[in-house]
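Enquirer: So the numbering used here is basically just the index in the sequence shown, starting at one, shifted up by 4.
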Amino acid sequence: MKRAICIVAGLMLFAQASGAQAPAAGQKVGLANSMQRAYATLKGNLTEAAAKMPEANYPFKPASDPNLRTFGQWIGHQADNQFLNCAAIKGVANPSPAQSNEKKAAKAELVKALAAAFAFCDDAISSLTDQSALQMVKQGEGETARGGVASALLSHGLESYGIVVVYLRAKGIEPPNANPGGRGGRGGRGGQSGADLLSFESAMASRVVRTTISSGSRVKVCRTRSRFAGMLFVVYPLPS
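(1) Where does Glu59 land, buried or exposed, given buried means 16+ other C-beta within 10 angstroms?
(2) If contact is defined by three or more beta carbon pairs under 8 Å, each pair taking one atom from either stretch, is the segment 76-83 in contact with the segment 145-155?
(3) Can you grab the Cα-Cα spacing for the pair Leu172 / Gln139, in whole Å?
(4) DSSP has Ala245 in a bridge; who is on the other side?
(5) When you compare only the Cα positions, how much space is there between Val96 and Leu157?
(6) Please name the residue in Gly30, Ala29 and Ala36 whose C-alpha comes closest to that of Ala154.
(7) Going by the beta-carbon positions, is the gap between Val115 and Ala55 smaller than 8 Å?
(8) In its own chain, which residues sit with a C-beta less than 7 Å from the C-beta of Gln40, not counting the 5 before and 5 after it?
(9) For Tyr43, report the span of its alpha helix (DSSP H) as first-last.
(10) Find out if the Cβ-Cβ distance for the pair Lys108, Gly80 is shorter than 8 Å.
(11) Taking Ala137 as the reference, give the member of Gly161, Glu106, Lys94 and Ala119 with the closest Cα.
(12) So Leu50 and Leu118 are in contact, right, with Cβ under 8 Å, and what is the actual spacing, rounded?
(13) Among the residues of its own chain, which have a CB less than 7 Å from the CB of Ala47, if the five just before and after it don't count?
(14) Would you report the Cα separation of Glu67 and Tyr43, rounded to the nearest angstrom?
(15) Alpha carbon to alpha carbon, how far is Ala53 from Pro180?
(16) Whole angstroms are fine: how far does the CA of Ser38 sit from the CA of Phe64?
(17) Between which two residues does the alpha helix (DSSP H) harbouring Phe122 extend?
(18) Compute the distance between the beta-carbons of Pro98 and His160, then report whether it is under 8 Å.
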């Protein structure tokens, strides 16, 4: 049996994904506004996570699996995904060659690429309305509702953020949202090392739990006491 860190990267209700921006009593938050709130939180967390990791740790990955991305590759991969999805949302050609950012290595280049990807996506998300989210846009050889593409963008971003949080924790670095609503922080769980990762909760509806699995497969449905039991877990074995 092998110990592993299971990264649950699930897209919950968009309003929950923006925990600090929960609607006030009587306030109604529509589909587009929910996506915009979630996007703003995701942008802040990913941008800060990329800045927090020292350049020396950008080549870091928590296991020797050749198929496992480094921290830097995850930042580049996220930038590539944003360019791809936001081009579809906007109905324009992708201005960034496919997988070009994931091939970059320097922190400065990757931070710049992520910022450019968010800049490209900003108006795609801010211009969404409940009506335009239902309009069909070209995606690949077919068509998808614009809101569906935006949902895929946010879902992928949540997955990426949940994963880079584990990389940060493995290096003893407190992630951007480690102290949502006054919890955690230096006086709480902020000083944990990678070996102490236990039930870290993300304000972006991503959760890290320690569990036992029977193989080193990268993707498993893990058995856990987490309230997210039964969801698809992205599994990356970490050194014990």
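Virtual Cβ for every residue (Gly too), placed ideally from N, Cα, C.
Expert: Result, derived from the coordinates:
(1) exposed
(2) no
(3) 38 Å
(4) Because the chain here runs from 5 to 244, residue 245 falls outside it and cannot be looked at.
(5) Their backbone Cα atoms lie some 16 Å apart in a straight line.
(6) Ala154 has its Cα closest to that of Ala36, out of Gly30, Ala29 and Ala36.
(7) yes
(8) Ile129, Ser130 and Leu132
(9) Leu35 to Lys56
(10) Less than 8 Å separates the beta-carbon of Lys108 from that of Gly80.
(11) The shortest Cα separation from Ala137 among Gly161, Glu106, Lys94 and Ala119 belongs to Lys94.
(12) 7 Å
(13) According to the sequence as given, residue 47 is Lys; it is not Ala. Cβ within range, chain order: Phe122.
(14) Before going on, a small fix: residue 67 reads as Ala here, not Glu. If you draw a straight line from the Cα of Ala67 to the Cα of Tyr43, it comes to about 30 Å.
(15) 6 Å
(16) Roughly 34 Å between the two C-alpha positions.
(17) Lys111 to Ser130
(18) It should be pointed out that residue 98 corresponds to Asn in this sequence rather than to Pro. For Asn98 and His160, no; Cβs fall outside 8 Å.
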